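What follows is a single structure, written as structure tokens, with notes after it.
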Ligand code: MTE
Ligand code: HPA
Ligand code: MOS
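Residue numbers (my numbering): 910 to 1674.
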């Protein structure tokens, strides 16, 4: 398929650069890389208890199994026995302490994955069981935390309550979420000469994989090269956890001196990798007779699992987003990071932000029910106004939510439909409908300031073709498509002239994860910077060669204009080469303006905010608890879109992923701590059929980001996930119309049929 697209591609609906490869099965993932015939395969041997001590690990029969080459245990780790990036509390294999059911205890290396897997079953593990902690509340009671609690405060909550006409209290739960990336965790390690290693890893964070492999193997990072062409989805699940798989593959390659692949199957992947943190909240909200919020006191506690992983910054982001779009004069929050004997929970699209927002949105619905005022009105009343301060003292300079919500509520006919739905509900007892409009404000930047940097490296070859290397990772979100557009636009050449290399730690060092939605913001700017260096260099040389001034040289339509004459871009490149001008340049970018003091918990952690809103309409069957999403209208702000097709794909994809999280995806562990929802047959992600018949997604028309981002665009990866709150609250509206106004409604997320029935039935007596 041709990807010849003419110049001036900026803002055009170009299809994903790998779409033709995705749909034809020709896109190469790690598992598609051809291996030498002598390559070996690894399987993991795991724990059958959730907590206890290893007394004896007898692998005699495992080693004797035909086809097994050798095994890996802690004894084979020359360096650090750790794969944790932020906190070093993740053992590759435990020395003694078992912390969750399914924890890998050793690995088997064999001639095939199947053989390795069968052999792993033959291990004799003698253990002494201990009583596990699974429950968030129990962990709080026992002070069982992966990291110390964090408290924040603004204003005076007690005073705020005293001046409130009304106060409401509630306790709510929110479930976790499995990433369900289509491509599971995988790494392939190839020994090179003299102890060097090349590792193909499906990772959002190659630099971290490189460093953790280097620590485990006790070798300098310069001897380890990590490469990733693309992932079949990451969604945060490949921000920290891929290092585990890469390290085990690397240890196996070191031990056997042969190429080794570790690809876990879906069940193993779901059993051992971390998920979105589930949360428990207790809150109290104080407000006046009009529904203005005056005071908000919240306890939020999350299940972090057995180790810290990214739980610190995830829970910090939950705190940053407890306000969503609303100015709350007096706020107090305490965040508990609970240690439980379950998988170590990790980044997941939104990174704690969705969990933080969930609580205030729930509280707003409580206020609306109590005052019998439309929840949209309560939301609108409490919106931030320009330059108001968040609870961490950041002025909200770019607030557009009021206008965005006005536009959406009008275009979706929210008020009229709410009336019609209320009428329908009066006339129907069995089926109930519901509608809700919810807004989103999401902070863009890594909350740890130093991660907000990126590098790029552009080569121009003498045939005029351009190769871009940057530190970001393609995972389906369209990052490489946008960066090709940016670089083509800078040189003013056809999009097809610009090619993209695999991401490689030997080309761009010390990169941050592709995460926090900032892939294009960071790497797009770094790539633009590299392109501009090359353009200046070429202009200077051509100006002196043709005795013109630099301003007379212009790059236009695949040509370079030299005063009144024009030569092709290719010819210009060749002339620069012959003139001995370097046609390779690095680029760098560091986000300006951001700062944050983690002691006072004040500052400007975010460069800017992204905004959006959605209106969802649902129908529920009050006898079975079944729910169907009938209609969704979305209006989302992406600043000046680099590629509306990609952006709308991200918005709709994010919404559907949020829909799954809040309605169908339920994680369930049996009393021994074994994850029973470990396959698509028991864990229900949304399908194409869940996308409603009536769906409209529009981009908010604006003059672009007020901050100086790449072509005034805004990040789009994570914020749309939270648009799915509209579905959850539409379900609550439907339930409310059945149970009446006079009670507190408890709908726990995910709103599965069971949860919906529970909410309905708890008010039947
Ligand atoms: N879209 C697809 N198709 N696949 C993914 O794995 N990850 C999401 C989002 N959109 C993801 C995705 C997450 S969690 C983030 S942080 C961003 O993409 C990362 O990419 P970006 O920073 O380039 O937007
Ligand atoms: N977002 C996403 N990933 C991260 C962050 C963040 O704020 N901080 C560290 N990893
Ligand atoms: Mo996304 S959770 O920041 O990888």
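Yeah, the Cβ is synthetic: ideal placement off N, Cα and C, and Gly gets one too. Note that the structure is a prediction, hence the values are computed from the model and not measured.
query                                                                                                                                   : result
Pick from 1010, 1006, 952, 990 that is closest to residue 1580, judged by C-alpha positions                                             : 1010
Cβ contact check for the stretch 1624–1642 and the stretch 1556–1572: 3 or more pairs under 8 Å                                         : yes
According to DSSP, residues forming a beta bridge with residue 924                                                                      : For residue 924, which the question treats as bridged, DSSP gives no partner whatsoever.
CA-to-CA distance, residue 1052 to residue 1250, given in whole angstroms                                                               : 14 Å
Residue 1148: CB within 7 Å of a non-hydrogen atom of the ligand HPA                                                                    : yes
Cβ-based neighbour list, residue 1140, same chain, cut-off 8 Å, excluding 5 preceding and 5 following                                   : 938, 1090, 1092, 1111, 1112, 1113, 1147, 1382, 1383, 1384, 1385
Inter-stretch contact (C-beta, 8 Å, three-pair minimum) for the stretch 1542–1557 and the stretch 1655–1668                             : no
Residue 1659 burial status per 10 Å Cβ neighbour count (16 or more: buried)                                                             : buried
Contacts around residue 1555, its chain only, beta-carbon distance under 7 Å, and the 5 residues preceding and following it disregarded : 925, 1387, 1390, 1391
Straight-line Cα distance separating residue 967 from residue 1602                                                                      : 57 Å
C-alpha gap between residue 1193 and residue 1376, whole angstroms                                                                      : 56 Å
Exposure of residue 1143, with buried meaning 16 or more beta-carbon neighbours within 10 Å                                             : buried
Residue 1681, DSSP secondary structure in three states                                                                                  : Nothing can be reported for residue 1681: it is not among the residues displayed for the chain, which extend from 910 to 1674.
Boundaries (first-last residue) of the beta strand (DSSP E) holding residue 1242                                                        : 1239–1248
Beta-carbon proximity check, residue 1086 vs residue 1574, cutoff 8 Å                                                                   : yes
Proximal residues to residue 1670 (C-beta, below 8 Å), its chain only, five neighbours per side dropped                                 : none
8 Å contact criterion, which residue 1373 and residue 1482 should meet: CB distance rounded                                             : 5 Å
Residues passing the C-beta test against the ligand MTE heavy atoms, cut-off 7 Å                                                        : 1090, 1140, 1142, 1143, 1144, 1145, 1256, 1257, 1258, 1381, 1384, 1385, 1386, 1388, 1423, 1424, 1425, 1426, 1427, 1428, 1429, 1559, 1562, 1563, 1624, 1625, 1626, 1627
Cβ shell of residue 1135 (< 6 Å), same chain only, five flanking positions each side left out                                           : 1108, 1110, 1115, 1118, 1119, 1414
Sequence-distant residues of the same chain with beta carbon closer than 7 Å to residue 911, five excluded per side                     : Residue confidence is low: residue 911 scores 38 on pLDDT, short of 50, so the model does not pin down where it sits. Its coordinate-derived value is still stated next. Hits under 7 Å: none found.
Integer Cβ distance of residue 1495 from residue 1366, believed to fall under 8 Å                                                       : 5 Å
Run of the beta strand (DSSP E) containing residue 1354, from where it starts to where it stops                                         : First-last for residue 1354: undefined, no H or E at that position.
Under the three-state DSSP convention, the category residue 1600 falls into                                                             : coil
Residue 1356 CB to nearest heavy atom of the ligand HPA below 7 Å                                                                       : yes
Own chain, CB closer than 7 Å to residue 1243, minus 5 neighbours either side, in chain order                                           : 1058, 1060, 1208
Residue 1113 beta carbon near the ligand MOS (any heavy atom closer than 7 Å)                                                           : yes
Close-in-space but distant-in-sequence residues of the same chain around residue 1428 (CB under 6 Å, 5 per side omitted)                : 1381, 1388
Any non-hydrogen atom of the ligand MOS closer than 7 Å to residue 1260 Cβ                                                              : yes
heavy atom of the ligand HPA below 7 Å from residue 1637 C-beta                                                                         : no
Presumed contact (8 Å Cβ cut-off) between residue 999 and residue 1216, rounded CB distance                                             : 5 Å
Heavy atom of the ligand HPA within 7 Å of residue 1226 beta-carbon                                                                     : yes
Residue burial classification, residue 1577 (beta-carbon count within 10 angstroms, cutoff 16)                                          : exposed
C-beta contact flag for residue 1351 and residue 1518 at 8 Å                                                                            : yes
Sequence ranges, alpha helix (DSSP H) only - wholly within the stretch 1280–1353, length at least 4                                     : 1284–1291, 1310–1320, 1323–1336
Residue span of the alpha helix (DSSP H) that contains residue 1568, given as start and end                                             : 1553–1572
Per DSSP, the bridge partner or partners of residue 1209                                                                                : 1190, 1244
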